[in-house]
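Since the structure comes first, as structure tokens, the remarks are kept for the end.
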Amino acid sequence: MDPLISLPLFFFFILISVLLIARAPFGDAWGKEGHIMVCKIAQPYLTETTSKAVLDLLPEVAAGELSAMCPWADEVRFHYRWASPLHYVNTPGVCNYKYSRDCHNSKEEKGMCVVGAINNYTDQLRRRGDSSNHYNLTESLMFLAHFVGDVHQPLHAGFAADEGGNTIVVHWYRRKTNLHHVWDTSMIETAMKDYYDNDLDAMVDGIMSNITGGWEDEVDSWENCQNKQATCANDYAVESIHLDCNYAYKDVEQDSTLGDEYFFTRLPIVKKRIAQAGLRLATILNDIFDHENRQEIQSY
């Protein structure tokens, strides 16, 4: 799943990716704003040991910020074409997800989906001290952080027939787009403009305040799962497809106009998924790098 590349070439792609991220306006995808938010939320929940391990793996251009590299997996898609199916999982038009049925690429290769990717890169990082583990662990960390964000975007676990909402044309207020883009980008852009003065950090602070406020009774349960294999990623996909059927796809048809009613009722879902992804990413990383001192997620 993760072919090796030479280190000089790898760091060249990192540098180019960081420059692209820095120059690109926010709003290209969940891979910009959403992923940055996920990792900004995760970082304060890392233990001291985990923070040191993450810092040791991050490239120098990240300046110690995990969030700086969380959009990286989208930026290098032109080079890592094999990784495209790792950003999502599709179901055959049903409101449930099954790993054995759904986690594969177009060639029916098992494990080639976002759930398989999370399991794979978690395993690579857990085996970091194994002399037989020749993977580039900097890359493994950046892929893992990105894919934990992806699986929490509901339409990254959508229906195969509409490619996770990509083929459903809608109007977001007056702008023509597609349903997937509404969840990737449009709701976050609109929220930032309307409520946060286009300040990403202000939106992160708002989500963090809900972690310590409105969701405090739920937070402890977010790290637990019933459908665990290598990780809890199966449950994250199950959650996403349920949200698709109950919120993302609901009352949407081709050429629908989505406005205030859709925005006001779906934005809380977007915010909570970003929060869950951030806290769960922290839990996964703490489990990998500091298992003995790992603590339950707590609001603070």
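In mature numbering (1 follows the signal peptide of the UniProt record, and there is no 0), the protein residues as written are -29 to -1, 1 to 271.
Note that beta-carbon positions come from the ideal geometry of N, C-alpha and C, so glycine has one too.
- Flag this pair as touching only if the stretch 241 to 249 and the stretch 117 to 127 have three or more C-beta atom pairs under 8 Å; answer yes or no. By the Cβ criterion, the stretch 241 to 249 is in contact with the stretch 117 to 127, since at least three pairs of Cβ atoms, one from each stretch, lie closer than 8 Å.
- Closest by CA to Ala208, which one among Thr183, Gln14, His58? Counting from one through the sequence shown, the residue named residue 208 turns up at place 237. Nearest option by C-alpha distance: His58.
- Which of the three DSSP states, helix, strand or coil, is assigned to Ser227? In the sequence shown, the residue the question calls residue 227 occupies position 256. In the structure shown, Ser227 sits in a strand (DSSP, three-state: E or B).
- Message: Please report whether the beta-carbon of Ala208 lies at a distance below 8 Å from any beta-carbon of chain C.
- Response: Any reference to chain C falls outside this structure, which holds one protein chain only.
- Query: If you compare alpha carbons, which of Thr156, Asn217, Ala132, Asp155 is closest to residue 310?
  - Reply: A query on residue 310 cannot be resolved here, the shown segment of the chain reaching from -29 to 271 and no further.
- What's the gap between the Cα of Ser111 and the Cα of Leu229? As a first step, residue 111 must be located in the sequence shown, where it is residue number 140. As a first step, residue 229 must be located in the sequence shown, where it is residue number 258. Spanning the two alpha carbons is a distance of roughly 38 Å.
- Query: If you check the beta carbons only, do Met163 and Leu171 fall under 8 Å apart?
  - Reply: Translated into the one-based positions of the sequence shown, residue 163 becomes position 192. Translated into the one-based positions of the sequence shown, residue 171 becomes position 200. In contact: Met163 and Leu171 (Cβ atoms closer than 8 Å).
- Measure the alpha-carbon distance for Ala(-1) versus His152 and round it to whole angstroms. Counted from its first residue, the sequence shown places residue -1 at position 29. Counted from its first residue, the sequence shown places residue 152 at position 181. Bear in mind that the predicted position of Ala(-1) carries a pLDDT of just 43, short of 50, making it unreliable; the figure below should be weighed with that in mind. Their Cα atoms are separated by approximately 7 Å.
- Query: Where does Val60 sit, in a helix, a strand or coil, going by DSSP?
  - Reply: Taking the first residue of the sequence shown as position 1, residue 60 is located at position 89. Residue state, collapsed to three classes: coil.
- Item | Nonlocal neighbours in the same chain, by C-beta distance under 6 Å from Phe114, ignoring five residues either side | Position 143 of the sequence shown, counted from the start, is the residue given in the question as residue 114. The residues Ala44, Tyr92, in chain order, have a CB closer than 6 Å to that of Phe114 in the same chain once the five nearest residues on each side in sequence are set aside.
- Whether Val190 touches Ile182 by CB criterion (8 Å): Position 219 of the sequence shown, counted from the first residue, corresponds to residue 190. Position 211 of the sequence shown, counted from the first residue, corresponds to residue 182. Yes, Cβ-Cβ distance for Val190 and Ile182 is below 8 Å.
- Cβ atoms of Pro125 and Arg244: under 8 Å apart, would you say? Within the sequence shown, the letter at position 273 stands for residue 244. Within the sequence shown, the letter at position 154 stands for residue 125. Yes; because the gap between Cβ atoms is below 8 Å, this pair is in contact.
- Spatial distance of Arg97 from Val85 (CA atoms): Reading the sequence shown from its first residue, position 126 is the one you call residue 97. Reading the sequence shown from its first residue, position 114 is the one you call residue 85. Those two C-alpha atoms are separated by around 18 Å.
- In the DSSP assignment, what residue or residues form a beta bridge with Val140? Taking the first residue of the sequence shown as position 1, residue 140 is located at position 169. Note: Val140 sits in a beta bridge opposite Asn149.
- Can you list, in chain order, the residues of its chain whose CB lies under 8 Å from that of Tyr167, leaving out five sequence neighbours each side? Numbered from its first residue, the sequence shown carries residue 167 at position 196. Once the five neighbours on either side are set aside, the close Cβ partners of Tyr167 are Ala173, Met174, Gly177.
- Count the other CB atoms within 10 Å of the CB of Asn90; is the residue buried (16 or more) or exposed (fewer)? Counting from 1 along the sequence shown, the entry for residue 90 is found at position 119. Counting Cβ neighbours within 10 Å, Asn90 comes out buried, since at least 16 surround it.
- Query: Is DSSP giving Lys23 helix, strand or coil here?
  - Reply: For this step, residue 23 is matched to residue 52 along the sequence shown. In the structure shown, Lys23 falls within a helical segment according to DSSP collapsed to helix, strand and coil.
- Message: Distance check for Thr161 and Val141, CA to CA, integer angstroms please.
- Response: As a first step, residue 141 is located in the sequence shown; it is residue number 170 there, counting from the start. As a first step, residue 161 is located in the sequence shown; it is residue number 190 there, counting from the start. About 16 Å.
- Note down, one range per segment and in chain order, each alpha helix (DSSP H) of at least 4 residues found wholly within the stretch 27 to 84. With a minimum length of 4 residues, the unbroken runs of alpha helix (DSSP H) contained wholly in the stretch 27 to 84 fall at 43 to 46, 70 to 73.
- Task: Go through its chain and collect everything with a Cβ distance to Ala253's Cβ below 6 Å, but skip five positions before and after it.
- Result: Counting from one through the sequence shown, the residue named residue 253 turns up at place 282. Around Ala253, the same chain offers Ala13, Tyr16, Leu17 as residues with beta carbons nearer than 6 Å, after the five sequence neighbours per side are excluded.
- Task: Give the range of the alpha helix (DSSP H) segment to which Asn181 is assigned.
- Result: By 1-based counting over the sequence shown, the position of residue 181 is 210. Annotation: the continuous alpha helix (DSSP H) that includes Asn181 extends over 171 to 183.
- Query: From Ser71, Ala34, Ala219, pick the residue whose C-alpha is nearest to that of residue 347; which is it?
  - Reply: Outside the modelled stretch of the chain, which goes from -29 to 271, sits residue 347, for which no answer is possible.
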